[in-house]
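Below you'll find the structure, written out as structure tokens, and then a few comments.
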Amino acid sequence: MALGSTSLLVQAPSYTLSGSQVLDQYHSDRHQGLGSAQVEQRQAEFGLNMLQEVRGRTTWQLLLDQFKNIMLLMLIAVAVVSLVLDLQDRQFPKDAIAIMSIVILNGWLGFVQESRAEKALAALKSMSSPRVRVLREGREQEVEAQYLVPGDILYLEAGVRVPADARLLEAINLQIRESALTGESEAVVKNAAAELSLETSLGDRVNTVYQGTEVVQGRGWAVVVATGMATELGKIAALLQGVEAEPTPLQQRMGELGNVLVSGSLVLVALVVLGGVLRTGSFAAVDELLEVSLSMAVAVVPEGLPAVITVTLALGTQRMVRRQALIRRLPAVETLGSVTTICSDKTGTLTQNKMVAQKLVTWDRAYAVSGVGYDPTGEFLHAGEPTVPLQDPVARRLLLAGVLCNDAALQRDQGHWAILGDPTEGALRVLGQKAGLEAAALSHTYTRIAEVPFSSERKQMSVVCRTDPSQGSDFAMDQVLFSKGSPEAILACSDRICSPGDLIPLTPQCRDRLLQQNQELAAQGLRVLGVAYRPLSHVPDGEKLADCESHLIWLGMVGILDPARPEAKLAVERCRQAGIRPVMITGDHQLTALAIAQEIGIAQPGDRVLRGQDLETLTPEALEREVEHVNVYARVAPEHKLKIVQALQRRHEFVAMTGDGVNDAPALKQADIGIAMGITGTDVSKEASDMVLLDDNFATIVAATEEGRVIYGNIRRFVKYILGSNIGEVITVAAAPLLGLGGVPLSPLQILWMNLVTDGLPALALAVEPADCNVMRQPPRDPRESIFARGLGWYMVRVGLVLAILSIGLMSWAYGYTHAPGYGGDPDTWKTMVFTTLCLAQMGHALAVRSEHQLTYQLDPRTNPYLWGAIFMTTALQLLLLYVPALRTFFGVTPLGWVELGVCLGVSSLMFIWIELEKVFLRGRMVR
Numbered sequence: 001m002a003l004g005s006t007s008l009l010v011q012a013p014s015y016t017l018s019g020s021q022v023l024d025q026y027h028s029d030r031h032q033g034l035g036s037a038q039v040e041q042r043q044a045e046f047g048l049n050m051l052q053e054v055r056g057r058t059t060w061q062l063l064l065d066q067f068k069n070i071m072l073l074m075l076i077a078v079a080v081v082s083l084v085l086d087l088q089d090r091q092f093p094k095d096a097i098a099i100m101s102i103v104i105l106n107g108w109l110g111f112v113q114e115s116r117a118e119k120a121l122a123a124l125k126s127m128s129s130p131r132v133r134v135l136r137e138g139r140e141q142e143v144e145a146q147y148l149v150p151g152d153i154l155y156l157e158a159g160v161r162v163p164a165d166a167r168l169l170e171a172i173n174l175q176i177r178e179s180a181l182t183g184e185s186e187a188v189v190k191n192a193a194a195e196l197s198l199e200t201s202l203g204d205r206v207n208t209v210y211q212g213t214e215v216v217q218g219r220g221w222a223v224v225v226a227t228g229m230a231t232e233l234g235k236i237a238a239l240l241q242g243v244e245a246e247p248t249p250l251q252q253r254m255g256e257l258g259n260v261l262v263s264g265s266l267v268l269v270a271l272v273v274l275g276g277v278l279r280t281g282s283f284a285a286v287d288e289l290l291e292v293s294l295s296m297a298v299a300v301v302p303e304g305l306p307a308v309i310t311v312t313l314a315l316g317t318q319r320m321v322r323r324q325a326l327i328r329r330l331p332a333v334e335t336l337g338s339v340t341t342i343c344s345d346k347t348g349t350l351t352q353n354k355m356v357a358q359k360l361v362t363w364d365r366a367y368a369v370s371g372v373g374y375d376p377t378g379e380f381l382h383a384g385e386p387t388v389p390l391q392d393p394v395a396r397r398l399l400l401a402g403v404l405c406n407d408a409a410l411q412r413d414q415g416h417w418a419i420l421g422d423p424t425e426g427a428l429r430v431l432g433q434k435a436g437l438e439a440a441a442l443s444h445t446y447t448r449i450a451e452v453p454f455s456s457e458r459k460q461m462s463v464v465c466r467t468d469p470s471q472g473s474d475f476a477m478d479q480v481l482f483s484k485g486s487p488e489a490i491l492a493c494s495d496r497i498c499s500p501g502d503l504i505p506l507t508p509q510c511r512d513r514l515l516q517q518n519q520e521l522a523a524q525g526l527r528v529l530g531v532a533y534r535p536l537s538h539v540p541d542g543e544k545l546a547d548c549e550s551h552l553i554w555l556g557m558v559g560i561l562d563p564a565r566p567e568a569k570l571a572v573e574r575c576r577q578a579g580i581r582p583v584m585i586t587g588d589h590q591l592t593a594l595a596i597a598q599e600i601g602i603a604q605p606g607d608r609v610l611r612g613q614d615l616e617t618l619t620p621e622a623l624e625r626e627v628e629h630v631n632v633y634a635r636v637a638p639e640h641k642l643k644i645v646q647a648l649q650r651r652h653e654f655v656a657m658t659g660d661g662v663n664d665a666p667a668l669k670q671a672d673i674g675i676a677m678g679i680t681g682t683d684v685s686k687e688a689s690d691m692v693l694l695d696d697n698f699a700t701i702v703a704a705t706e707e708g709r710v711i712y713g714n715i716r717r718f719v720k721y722i723l724g725s726n727i728g729e730v731i732t733v734a735a736a737p738l739l740g741l742g743g744v745p746l747s748p749l750q751i752l753w754m755n756l757v758t759d760g761l762p763a764l765a766l767a768v769e770p771a772d773c774n775v776m777r778q779p780p781r782d783p784r785e786s787i788f789a790r791g792l793g794w795y796m797v798r799v800g801l802v803l804a805i806l807s808i809g810l811m812s813w814a815y816g817y818t819h820a821p822g823y824g825g826d827p828d829t830w831k832t833m834v835f836t837t838l839c840l841a842q843m844g845h846a847l848a849v850r851s852e853h854q855l856t857y858q859l860d861p862r863t864n865p866y867l868w869g870a871i872f873m874t875t876a877l878q879l880l881l882l883y884v885p886a887l888r889t890f891f892g893v894t895p896l897g898w899v900e901l902g903v904c905l906g907v908s909s910l911m912f913i914w915i916e917l918e919k920v921f922l923r924g925r926m927v928r
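Per the numbering used here, the very first residue in the sequence shown carries number 1; after that it's consecutive.
Following this line, the structure appears as structure tokens:
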């Protein structure tokens, strides 16, 4: 596995060498890791541990792709026809040149926005770089995977995606799924001691782990031998072709809209030309009819719409990141607003994930524990009085088992105590240290020699330690198995109880008493762990070790508090107001789950809790009936989540599901929105998700849902604004020949100006309209609905007709006014008046369209200053068009007098007044 380095010259592939030989070749130390100077040197030499995008779209490809849009292709065709007509009349083809210029400008705008969106998404992906545990300078650290270098000592555990190619130094029940490389779905059992021949195929290299594969069971230590593009996955990536990103559902609907508009405009052109020929009985007026048709065709196409949609989605993803939600797939931006049910984990999402042990219960004594967070200082109280738990032999063994049956590490960094690893295990480490049991000191007396990792099926974890009586072991046997897990699971494996005097049989009466204690602790909202041990005369190998999890000796229980997040209660209330049902799914005891659920408002007193064992007995049809009424699921295994999601979806619910473990991946993929935990989540769960919570907070899911609704609402807002205007323009242009007016009221160039500038700039501003105060008090939208659903299509037609009636009325009056005897101006001034009225009417439309129900004066203008800026800028540009000679000549308009401009302002303001009166009418109907 050549690294291409001058300082690290690897003579043979690492899988053919022993672990110590690999360490020597990479100048690394198993117990110290690399030093900071070594890390800096190797980072400079090998670069970041990242896969490079080999064949993305080039800048030119990205630019050319903008002109594949069917609406822009139609404009190019219009420019070509216009060019032919101008050349026939021996006129300078300014319309054709202007149309092509605006087409290029529109394509360039789309190119810029798409480039920014891709850069934004690339930045977001870099933010989701997983963190890994490494050994550097003699202590465990968490670093981002991209900063790994060859020679790093890497810690692997279940749920982690392997971040680099590495040679195993230690493997304990380690199983890796290597389907990303080999295509084999069956997990591979790894063996650190194996030394293989050079001919060993990739799938048989059991002493090596590879980047991109998944740890499904066990744990281990490994030395990194390749990073980035030097890894096996990197070699494959170098051969891959660039894959086009799939368009989002909204973009697909916009594409369909473009097809409909272009097809409709072509039909309209054909009808106008055919109707004109039939009316005149000759082809004499075909040039004039073609001019009308070209103007109509340009008026139909919303030239600025694609760019506005691109901007909206890009800005939406950025705003979501600021609200701690990382969108991995753009469709999630659109679909978040449709969520009807949020299925959430309890720990760390609805709670703070700051596990603090508060109760210690043995057979005959109960201790309360004081202290805050992970600071290992506090008192043990028995009957309200301070006490020393180590003086109680049972409590001492219980605390000892909690520290030894543990993979977490307690560290102090810059004055703050922190946990590396599982927070629940961290709470046990802190508890032991409060009593005076430090893991480092115990390692001299108790040496771990085997373990059975935690699994969601068994709900427990066990380790076997070799004891050294000369160092003060509390046990007579040379080997002791310690086990911790759910009290029910530990009790099921136990047959004796450790008491101060002697061991007593675990009778059914004793079991009932212990289960009652468990329920009492759980009812206080505590997560309860049962702890037991068993002396062993010998230690079985491999899978037989799990058979030793029987005939255990019960030590007691630890009650751990994970308080609810303060913001969770408000987030749940907002969910209910928005028509979204929050559901809690947890592996904790049902009473613990119910206590937290009631505290934050997910459940009410007397609500039913469905347990994992209940799910096992229910048929899919029965579960489908149950999910409608159950809001809390307890003692649930990850595979049960999939059943819950499927049952909800069969009831036509739109489900968001959170998860953090390897086994959560199927449920995350099945859910309409899969949400992974950014802090505690495994790499596998993140890969399966649509969204990653950067703060693991339920309130962030609600905030992201709100943002999704705002984005979709803004898309609907500017779509009805733009297309309503286009309908008015089309009808106005079509009416001119029917009224017998000489000439076309709007040239293609003027229509392009309206669609791209006077409509486009306010539309961009509408894309950043803040959330309506009622956005989270409305029911979720149907994800299958058309973009024109809920009255939007009828609104566009209605507003387009009103705009057309106002414009046609003005056009008739202005034509007569400018052609009346004694009028001293240009007879074509009526065309400029129509053009100006349509442009100014859209300014009023943009103001009024901000809200469907609130009148404009009720809206704070400071909430969207961009809109006011766009309106003032667009109005100023329109006036410059009229009164700057060069612009006036280019666009073919005439200067308007004060009376004419005043008439345009007056008629255009009627558009704003009409929409505001509609709101008053609709509000009146709602009141009745």
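Backbone N, C-alpha and C fix where the C-beta goes; we use that ideal spot for every residue, glycine too.
Asked: C-alpha distance - residue 449 paired with residue 463, whole-angstrom precision; Found: 8 Å
Asked: Residue 664 - DSSP class collapsed to helix/strand/coil; Found: helix
Asked: Residue 22: first and last residue of the uninterrupted alpha helix (DSSP H) it sits in; Found: 19 to 25
Asked: DSSP three-state assignment for residue 417, whether helix, strand or coil; Found: strand
Asked: Residue 718 - containing alpha helix (DSSP H), residue span; Found: 698 to 738
Asked: Whole-Å CB distance - residue 911 paired with residue 847, under 8 Å assumed; Found: Rounded, the Cβ-Cβ distance is 10 Å, inconsistent with contact.
Asked: Three-state secondary structure (DSSP) of residue 798; Found: helix
Asked: Proximity of residue 171 and residue 217 at Cβ, strictly below 8 Å; Found: no
Asked: Selected residue, minimal CA-CA separation from residue 796, among 815, 829, 727 and 770; Found: 727
Asked: Which residues DSSP lists as bridging residue 154, in chain order; Found: 134 and 222
Asked: Local conformation of residue 241 per DSSP, three classes; Found: Reliability of the predicted coordinates at residue 241 is poor, the pLDDT of 37 falling under 50, and the value obtained from them is presented with this limitation in mind. It is coil, neither helix nor strand.
Asked: Top-ranked residue by Cα proximity to residue 748, from 68, 277, 302 and 164; Found: 302
Asked: Delimiting residues of the alpha helix (DSSP H) encompassing residue 558; Found: Run containing residue 558: none in the alpha helix (DSSP H); it sits in the beta strand (DSSP E), 552 to 561.
Asked: Buried or exposed by the 16-neighbour rule on C-beta atoms within 10 Å, applied to residue 264; Found: exposed
Asked: Beta-bridge pairing of residue 165 - partner residues as DSSP gives them; Found: 226
Asked: Per DSSP, cross-strand counterpart(s) of residue 659; Found: 676
Asked: Nearest-angstrom Cα separation, counted from residue 830 out to residue 908; Found: 15 Å
Asked: Assigned exposure category for residue 610 - 16 Cβ within 10 Å defines buried; Found: buried
Asked: 8 Å contact criterion, which residue 43 and residue 147 should meet: CB distance rounded; Found: 7 Å
Asked: For residue 51, the three-state DSSP class (helix, strand or coil); Found: coil
Asked: Residue range of the beta strand (DSSP E) that includes residue 381; Found: 380 to 382
Asked: contact_flag[the segment 680 to 694, the segment 803 to 823] where n(CB pairs < 8 Å) is 3 or more; Found: no
Asked: Local Cβ density within 10 Å of residue 826, reported as buried at 16 or more and exposed below that; Found: exposed
Asked: Whole-angstrom C-beta distance between residue 656 and residue 339, which should lie under 8 Å; Found: 5 Å
Asked: Cross-strand partners of residue 140 (DSSP beta bridge); Found: 135
Asked: Inter-residue spacing [alpha-carbon to alpha-carbon] between residue 364 and residue 499; Found: 7 Å
Asked: Simplified DSSP state of residue 340, which is helix, strand or coil; Found: coil
Asked: Host beta strand (DSSP E) of residue 935 (start-end); Found: Residue 935 is absent from the model: the chain starts at 1 and stops at 928.
Asked: Residue 459 (DSSP reduced to helix, strand or coil); Found: coil
Asked: Proximity of residue 556 and residue 362 at Cβ, strictly below 8 Å; Found: yes
Asked: Among 181, 187 and 229, nearest to residue 173 - alpha-carbon criterion; Found: 187
Asked: The alpha helix (DSSP H) enclosing residue 521, as first and last residue numbers; Found: 508 to 523
Asked: Validate contact between the segment 29 to 43 and the segment 149 to 165 using beta carbons, cut 8 Å, 3 pairs; Found: yes
Asked: Pair within 8 Å by beta-carbon distance, residue 832 and residue 878; Found: no
Asked: Nearest-angstrom Cα separation, counted from residue 712 out to residue 534; Found: 60 Å
Asked: Rounded straight-line distance, which links the Cα of residue 262 to that of residue 839; Found: 23 Å
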